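full-length UniProt numbering numbers the first residue of the sequence shown as 1 and each following residue consecutively. Positions of the beta carbon are idealized from the N, C-alpha and C atoms, including for glycine. Remember, predicted model here, so these are calculated numbers, not experimental data.
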Amino acid sequence: MAAISIAGLTHSFDGVPVLRGVDLDVASGRLVALLGPSGSGKTTLLRLICGFDRAEQGSIRVGSTIVSAPGVHLPPDRRQIGYVPQEGGLFPHLSVADNIVFGLPRAQRKARHRVSELLDMVGLPASFATRAPQQLSGGQQQRVALARALAPSPALVLLDEPFSALDTALRQETRQAVADALAASGATALLVTHDQSEALSMGSQVAVMWHGRLIQVDTPETLYRTPVTSALARFVGEAV
Ligand code: ADP
């Protein structure tokens, strides 16, 4: 069974269609890159999956739970989704460890071995647990944000342009660390990006959003060799 299954999703703003019937299945343990130009509808799709907005039509299943369907709208905190925003969103007044356990049930927040395990998964030393977020680089903060998202073992992790605020050198290193951590955790993940090379290098599959539709969902190789439209060919070609 797919870890997330989206069927016939539509959404509009002020009568203007923004999502025009989106279908997507992501198999368990996969990292799928959601790639598309600015304004194509990626953020809107992400917000509907998280539950920040309510879909007009269609359905979303996460794990075995229907989280969105006609007459069904589960609140974000009941969707078993981990979220990594563009710029970590770590709480500056909490230590790294307290940030990581923040979303866990109270009884589990004392489990410091889980903090060490998660820090190790994202490639950071256990000694970082007591640091304040401001003592870390932007890339390290994003890794902590991923550790926090993974802490409750969510059915799905959503990453929203997580490297866009990093400089080029840090971006490469952080991409690798994030890809390794997701693979080690076995998490299913959807990574939103407008960066073609990021999508092609990180996704086991790339789903291309274009004017509110997913026009191609393929492996990076197939997408690169046989893009379905000439406009997409030009867009993907900009990656090299
Ligand atoms: P992307 O994330 O791919 O850049 P978005 O999902 O942010 O695309 O936006 C898709 C379209 O929806 C754009 O035309 C954008 O202007 C419009 N849009 C997004 N959010 C709103 C909103 N809250 N109100 C009105 N229009 C919006």
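Inset, instruction - Specify the secondary structure class of residue 194 as computed by DSSP and reduced to three states. - result: It is coil, neither helix nor strand.
Inset, instruction - Under 8 Å by Cβ, that's how I've got residue 84 and residue 160 pegged, so tell me the actual separation to the nearest angstrom. - result: The pair is a contact, with the Cβ atoms about 7 Å apart (cut-off 8 Å).
Legend entry - 8 Å Cβ cutoff met for residue 143 and residue 122: Between residue 143 and residue 122, the gap from beta carbon to beta carbon is short of 8 Å.
Inset, instruction - Put residue 10 into one of helix, strand or coil per three-state DSSP. - result: strand
Inset, instruction - Under 5 Å from any heavy atom of the ligand ADP, by CB: list those residues in chain order, please. - result: 13, 18, 38, 39, 40, 41, 42, 43, 44
Inset, instruction - Go ahead and label residue 66 buried or exposed: buried means 16 or more other beta carbons lie within 10 angstroms of its beta carbon, across all protein chains shown. - result: exposed
Inset, instruction - Using a threshold of 8 Å, state whether the C-beta atoms of residue 209 and residue 31 are closer than that. - result: no
Inset, instruction - Identify the continuous alpha helix (DSSP H) that holds residue 120 and give its terminal residues. - result: 112 to 121
Legend entry - residue 9 and residue 55 closer than 8 Å at C-beta: yes
Inset, instruction - Have a look at 165, 27, 120 and flag the residue whose alpha-carbon is nearest the alpha-carbon of residue 148. - result: Of 165, 27, 120, the residue nearest in Cα terms is 120.
Inset, instruction - Below 8 Å CB to CB, which residues in the same chain sit around residue 37 once its five sequence neighbours on both sides are set aside? - result: 194, 210, 235
Legend entry - Close-in-space but distant-in-sequence residues of the same chain around residue 28 (CB under 6 Å, 5 per side omitted): 3, 188
Legend entry - Pairwise C-alpha distance: residue 114 and residue 48: Cα to Cα, the separation comes out at about 30 Å.
Legend entry - residue 57, enclosing beta strand (DSSP E) - first and last residue: 57 to 62
Legend entry - Cα-Cα separation, residue 174 to residue 116: 19 Å
Inset, instruction - Return yes when the Cβ of residue 6 is within less than 8 Å of the Cβ of residue 50, no when it is not. - result: One thing to note: residue 50 has its Cβ no nearer than 8 Å to the Cβ of residue 6.
Inset, instruction - Sort 26, 222, 57, 229 by Cα distance to residue 11 and report the nearest one. - result: 57
Legend entry - Distance CB(residue 104)-CB(residue 151) smaller than 8 Å: Yes, they are a contact pair.
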